[in-house]
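Residue numbers for the sequence shown follow my numbering, beginning at 1111 and rising by one. From the three backbone atoms N, C-alpha and C, an ideal C-beta is built for every residue, glycine too. Just so it is clear, the structure is predicted and the values come from calculations on it, not from any experiment.
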Amino acid sequence: MRNSLKSLAGEEFANFLTHGGGLLFALVGAAVLVHAVADSPNEALKLGCWVYAAALIAVYAASTLSHTFIDPARRSFFRSLDQGVIFLFIAGNFTPFAIAYLHGSMLWILLSLMWVGASIGFASKVFWTHRVESTAVTHYLALGWLPVIAIEPILRALPASGIFWCIAGGVCYTVGTVVLTYDTKVPYFHALWHLLVIAGSFCHFLVVMGCVNSTPA
């Protein structure tokens, strides 16, 4: 029993450490992005970057807090919030990208679908349950890959490096989501999920920075 408790404590420390580091990355990355877009005359892109920066910080803050508290009530609340904010992060991650590279009805239809889906997912986690089950995992993956609907204009607009980082980030998140379904069965898989999320975030952060640097007013 003592070894089991020690192992669980070690896993929880790894969980806290990985996304605590992710939170530092998010804070620095958000500051860099906000500074980069500050002088842009493109107000829509600027707003999209602010939304992305806020979502990036929120997802890592919620995750870190969910592994900080021992009190069951606080722990349960922040775990629910953690899993709910993931949906908002997926939509926030896509927002500046959509504003930069999509136009007309495709932009607004896809953004609306993303945010409606994210809002439903957030509510389902925060107000109904905090457990990760197959339905939620499917929802994460479906929402994350929804932008493939606009694959043709995306491929036309993105440079080769942007396409590479988009795909790399999507693969990191997808593999991470699969890993998450086994996190209660395999030791340290939750920390591995965290690392894959950080890798995916870094890949897509590079794409968002590319949006800022390449999009005209």
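Answer yes or no: do residue i and residue j have a C-beta to C-beta separation smaller than 8 Å?
i: Ile1219; j: Gly1158; result: no
i: Thr1174; j: His1145; result: no
i: Leu1143; j: Val1322; result: yes
i: Val1147; j: Leu1155; result: yes
i: Glu1121; j: Tyr1298; result: yes
In whole angstroms, what is the alpha-carbon distance linking residue i and residue j?
i: Pro1182; j: Val1288; result: 26 Å
i: Phe1187; j: Cys1282; result: 27 Å
i: Ser1234; j: Gly1194; result: 7 Å
i: Leu1256; j: Gly1279; result: 14 Å
i: Arg1189; j: Phe1237; result: 12 Å
i: Ala1124; j: Val1296; result: 14 Å
i: Ala1119; j: Ile1277; result: 35 Å
i: Ala1260; j: Ala1172; result: 30 Å
i: Ser1229; j: Val1258; result: 20 Å
i: Trp1275; j: Met1319; result: 11 Å
i: Val1161; j: Thr1205; result: 7 Å
i: Leu1221; j: Leu1127; result: 33 Å
Among residues of its own chain, excluding the 5 on either side of residue i, which ones have a beta-carbon nearer than 8 Å to its beta-carbon?
i: Leu1166; result: Ala1136, Gly1139, Ala1140, Phe1199, Gly1202, Asn1203, Ser1311 and Phe1315
i: Arg1185; result: Ser1176 and Phe1179
i: Phe1232; result: Gly1194, Val1195, Phe1197 and Leu1198
i: Gly1131; result: Ile1308
Under a three-way DSSP split, which group does residue i fall into?
i: Asp1181; result: coil
i: Asp1293; result: coil
i: Ser1215; result: helix
i: Leu1302; result: helix
i: Ser1173; result: helix
i: Pro1148; result: At residue 1148 the sequence reads Ala, which differs from the Pro that was named. It is coil, neither helix nor strand.
i: Pro1257; result: helix
i: Pro1206; result: helix
i: Leu1157; result: helix
I'd like the list of long-range same chain contacts for residue i, defined as Cβ closer than 7 Å, with 5 residues on each side in sequence excluded.
i: Gly1286; result: Trp1303, Leu1306, Val1307 and Gly1310
i: Ile1196; result: Val1169 and Tyr1250
Ignore the nearest five residues each way along the sequence and tell me which others in residue i's own chain have a CB closer than 6 Å to its CB.
i: Ala1267; result: Tyr1211
i: Gly1227; result: Leu1253
i: Ala1328; result: Since the first and last residues shown for the chain are 1111 and 1327, residue 1328 lies out of range.
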